[in-house]
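This report concerns only the one structure given below.
There are 2 protein chains.
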Amino acid sequence: MSAIMCPGFKAAGIASGLKKNGQKDLGLIYSEVPAKVAGVFTKNRVKAAPVLLDMELVKSGSCQAIIVNSGNANCCTGEQGLRDAKTMARLTASELGIPNELVFVASTGVIGEPLPIEKIKTGVPDLVRSLQPKGIPDLARSIMTTDSVPKTALAQGVVEGKTFTVAGVAKGAGMIRPDMATMLCFVFTDVEAPPDILKETLVKAADRSFNRITIDGDTSTNDTVMVMANGLSGAVIGSLDHKNNFQKVLDEIFLNLAKQLVKDGEGVTKLVELVVRGAVSDSDARKVADTVAHSPLVKTSFFGEDANWGRIVGAVGRAGAKVNPDNIDVYFDDVQMVKAGMGCGKDVEAEATKVLCKSEFVVTIDLNMGRGSDLIYTCDFSVDYVRINADYRS
Amino acid sequence: MSAIMCPGFKAAGIASGLKKNGQKDLGLIYSEVPAKVAGVFTKNRVKAAPVLLDMELVKSGSCQAIIVNSGNANCCTGEQGLRDAKTMARLTASELGIPNELVFVASTGVIGEPLPIEKIKTGVPDLVRSLQPKGIPDLARSIMTTDSVPKTALAQGVVEGKTFTVAGVAKGAGMIRPDMATMLCFVFTDVEAPPDILKETLVKAADRSFNRITIDGDTSTNDTVMVMANGLSGAVIGSLDHKNNFQKVLDEIFLNLAKQLVKDGEGVTKLVELVVRGAVSDSDARKVADTVAHSPLVKTSFFGEDANWGRIVGAVGRAGAKVNPDNIDVYFDDVQMVKAGMGCGKDVEAEATKVLCKSEFVVTIDLNMGRGSDLIYTCDFSVDYVRINADYRS
């Protein structure tokens, strides 16, 4: 695979002392020219200070740099938190020699502790000096919290004979829920596109990826997804054809990053593609997918590699969707485990158990009621999930 | 504490071979005279065969016996399952010498495997012979699945100078959710009351107890709560005063049993009383309580005895209720950990951590927005919860 780079963008990631273990904790992305920008942010009513700042800044549609820290979420930190977020932006802007309002801010980590702004102040000059075209993987590393690996993705497309590049980084391993997104995802591209088209394609891509994944059902106060487009490829996203073209590449990047997030979910050992079909409506299918994907009993049985389909049928029944218990079929990959609401027997169960022993598989629930369908990526619920989250701050 | 008995009732619990470990798995309650009955059943669209049977039988308002098995839920078992449930009732009725339609049935255990009806057939005569006034604890033991202890409760009241007794048994350690109830709860009393008054008081008592507890957010396909009243005390529940009197005793029994269920939840080490107040409405308070009580991140932090209040505030924010982040106060028992959306510092945190080290404590969330309030009993989420549920069928 080629190096993760995008023309006109430089990135960096350094250790500024925010993380006790000395790992990278301060990251920066910088575009040589001001870029167009679009973003979606957490729907949580409790929003971190940098999210509040970015939601204002994004209205201008322009952005040239994003500074990100891990190790502290700068959330529930009141007026001081907002001042600190603005200070981060101002210092970065001054070091880069660009206007304050072109610098966005993101934070991730523990909620409710004051941001150690002095450490960041000390780190920024070093961070800016470290910027380089091949710095995106460093950025990816600097935004990790409980992630075990950095997440990056790269794809290219062509419009009117002009090749464009899309590169992305993401972090997030817990506190992920379909109704929003990952904790942090930043995507950089050299297409030329107005902010409204960026926003439209961003929202669609997020809905097909980050809004389709779940680990533990919690939503972060800091969730942020942003796309920066600096136009340097000369590929202009004008016509509907161009838009579809760009959308396809963006979808690919987002889905790639979203799957990486689930696989690296806290304590996750299985990536499960959960398909619901035959519902009366898509929204009914969504209810069923959402309930099954979040059921602790279903998720622990995935971890136990136990074809305990009764828990799946039980979760289907309480989803609040129109269901006829005698119509339900359930498949693990191609193995039909439940037919018309009843188990297919011990022989089939042995086959189904083989599927469950894989690290990735598909669970299909067919309600046989109509044409509604939905898809969610979920995971198992392991002993390590609890261990990680019981000890997170110690 | 006095023996768990209720005048005119006999009970029994035996081992019939349904449980592989040779524990008691078949139980019976029997009233010397036909009793009035009321019940509430699972709202899950997937209902076990005995639930479907009881929902028909309860319309008559009369019941003289309930036979219960553990080790198999008789759910997702199709037509054969319904025939098996009716066979259980018929055999019991014949052995007792009472009409079939006065015998109710309940089952709990694994979903989707055929009920081993032959074992039950063999067991029923022995079960009936074992009936005795002091048999209620045996019944409580016979309905256990992953429960670690049997659950019984006893209380008395007086109307018009006549003392009445209420005794209850319950089981359930996982698959418990506020929108319904425990898996199984049977309450026996010697008051005289028509079925409609029984139903009314039962629903109220369930709403104040079983509908206020949560362990893992899953709802069973077999949830059943029934009250039998045989009238033998001569205490007649006629006037409003009597009803309030009876309600108070029933509430006490239900809340007692409900708390026992949470404490004995799978892998539970903490019983947490979660109080939400200051919401714009009671329904908003309910949303917040429900979201916080089910958040895996909050529940694992209880297990870790970590005063990670940021996770609580994060869950409040995503509950979909009207919330001003800058108004939120959070208390652990009497220790105020969050004031106006911000942490109260390290000294207070040390105090809060002491509270979290207790096996029972109260978490109070004050939204400071209005007068809506709610209360849920919840618990922590432990490494053992996952272990138990990953291995349940092995």
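Heads up: the sequence lines are chains A and B, in that order.
Going by our numbering, the first residue of the first sequence is number 1, and it counts up by one from there.
Going by our numbering, the first residue of the second sequence is number 395, and it counts up by one from there.
Yeah, the Cβ is synthetic: ideal placement off N, Cα and C, and Gly gets one too.
Closest Cα partner of residue i within the set the options
{"i": "aspartate 532/B", "options": "Leu420/B, Pro401/B, Leu626/B, Phe435/B", "result": "Leu420/B"}
{"i": "asparagine 211/A", "options": "Ser16/A, Phe41/A, Leu18/A, Ser94/A", "result": "Phe41/A"}
{"i": "serine 70/A", "options": "Gln64/A, Val46/A, Lys59/A, Ile14/A", "result": "Ile14/A"}
{"i": "arginine 311/A", "options": "Glu118/A, Leu297/A, Ala319/A", "result": "Leu297/A"}
{"i": "glycine 416/B", "options": "Leu634/B, Thr758/B, Lys513/B", "result": "Lys513/B"}
{"i": "alanine 73/A", "options": "Gly112/A, Lys19/A, Ile136/A", "result": "Gly112/A"}
{"i": "histidine 242/A", "options": "Ala65/A, Thr201/A, Lys59/A", "result": "Thr201/A"}
{"i": "glycine 455/B", "options": "Asp760/B, Gly491/B, Ala479/B, Glu495/B", "result": "Glu495/B"}
{"i": "asparagine 718/B", "options": "Asp727/B, Asp728/B, Phe726/B, Val707/B", "result": "Val707/B"}
{"i": "tyrosine 771/B", "options": "Phe403/B, Asp601/B, Ala429/B, Lys716/B", "result": "Asp601/B"}
{"i": "glycine 81/A", "options": "Gly157/A, Asp326/A, Lys47/A, Met183/A", "result": "Lys47/A"}
{"i": "lysine 437/B", "options": "Phe755/B, Met482/B, Met577/B", "result": "Met577/B"}
{"i": "proline 125/A", "options": "Ala235/A, Met144/A, Glu95/A", "result": "Glu95/A"}
{"i": "lysine 653/B", "options": "Leu665/B, Thr694/B, Val597/B", "result": "Leu665/B"}
{"i": "glutamate 305/A", "options": "Ala390/A, Gly320/A, Ala350/A, Ile117/A", "result": "Ala350/A"}
{"i": "leucine 261/A", "options": "Phe186/A, Ala170/A, Arg318/A", "result": "Ala170/A"}
{"i": "methionine 622/B", "options": "Val729/B, Val585/B, Lys642/B, Lys413/B", "result": "Val585/B"}
{"i": "alanine 155/A", "options": "Ser148/A, Gly168/A, Met144/A", "result": "Gly168/A"}
{"i": "lysine 797/B", "options": "Val729/B, Asp760/B, Glu426/B", "result": "Given a span of 395 to 788 for chain B in the structure shown, any question on residue 797/B remains unanswerable."}
Neighbour flag for residue i against chain B, beta carbons, 7 Å
{"i": "glycine 278/A", "result": "no"}
{"i": "asparagine 44/A", "result": "yes"}
{"i": "alanine 181/A", "result": "Annotation note: pLDDT 33 at alanine 181/A (below 50); position unreliable, coordinate value reported separately. Judged by the 7 Å Cβ criterion, alanine 181/A is not in contact with chain B."}
Chain A within 7 Å of residue i, Cβ atoms only
{"i": "arginine 712/B", "result": "yes"}
{"i": "glycine 704/B", "result": "yes"}
{"i": "proline 572/B", "result": "The predicted model places proline 572/B with a pLDDT of 34, which falls under 50 and marks its position as unreliable; any figure quoted below should be read in that light. No, its Cβ sits nowhere closer than 7 Å to a Cβ of chain A."}
Partner residues on chain B for residue i, Cβ-Cβ distance less than 9 Å
{"i": "alanine 390/A", "result": "Thr694, Ser695, Phe696, Phe697, Gly698, Glu699, Asp700, Asp774, Phe775, Ser776, Val777"}
{"i": "valine 313/A", "result": "Val440, Cys469, Cys470, Ile505, Gly506, Thr615"}
Neighbouring residues, chain B, relative to residue i (Cβ below 8 Å)
{"i": "valine 386/A", "result": "Thr694, Phe697, Phe775, Ser776, Val777, Tyr779, Val780"}
Contact set between residue i and chain A, taken where Cβ atoms lie within less than 8 Å
{"i": "methionine 736/B", "result": "Cys76, Thr77, Gly78, Gly112"}
Coarse secondary structure for residue i, derived from DSSP in three states
{"i": "alanine 397/B", "result": "coil"}
{"i": "methionine 574/B", "result": "At methionine 574/B the pLDDT is 31, less than 50, meaning the model places this residue with poor confidence; the figure from the coordinates comes in the next sentence. Methionine 574/B: coil per DSSP, three-state reduction."}
{"i": "lysine 20/A", "result": "coil"}
{"i": "isoleucine 511/B", "result": "helix"}
{"i": "methionine 144/A", "result": "coil"}
{"i": "aspartate 264/A", "result": "coil"}
{"i": "alanine 65/A", "result": "strand"}
{"i": "alanine 673/B", "result": "strand"}
{"i": "methionine 763/B", "result": "coil"}
{"i": "aspartate 723/B", "result": "strand"}
{"i": "glutamate 360/A", "result": "strand"}
{"i": "methionine 569/B", "result": "Because methionine 569/B carries a pLDDT of 44, less than 50, the predicted location of this residue cannot be relied on, and no value is offered for it."}
{"i": "glycine 310/A", "result": "helix"}
{"i": "lysine 162/A", "result": "strand"}
{"i": "lysine 243/A", "result": "helix"}
{"i": "glycine 13/A", "result": "strand"}
For residue i, the residue or residues it bridges with in DSSP
{"i": "threonine 77/A", "result": "The partner list for threonine 77/A (beta bridge, DSSP) is empty, contrary to what the question assumes."}
{"i": "leucine 548/B", "result": "Ala561/B"}
{"i": "glutamine 770/B", "result": "At residue 770/B the sequence reads isoleucine, which differs from the glutamine that was named. According to DSSP, which records beta bridges pairwise, isoleucine 770/B is partnered with Leu668/B."}
{"i": "methionine 228/A", "result": "Val37/A, Phe188/A"}
{"i": "isoleucine 213/A", "result": "Tyr377/A"}
{"i": "glycine 343/A", "result": "Val338/A"}
{"i": "tyrosine 385/A", "result": "Tyrosine 385/A is not bridged to any residue."}
{"i": "serine 425/B", "result": "Phe403/B"}
Contact list for residue i against chain A, beta-carbon separation under 7 Å
{"i": "valine 801/B", "result": "Absent from the structure is residue 801/B, since the part of chain B shown begins at 395 and ends at 788."}
Distance cut-off 6 Å: residue i Cβ against heavy atoms of the ligand ADP
{"i": "serine 454/B", "result": "The model depicted lacks the ligand ADP and carries no ligand whatsoever."}
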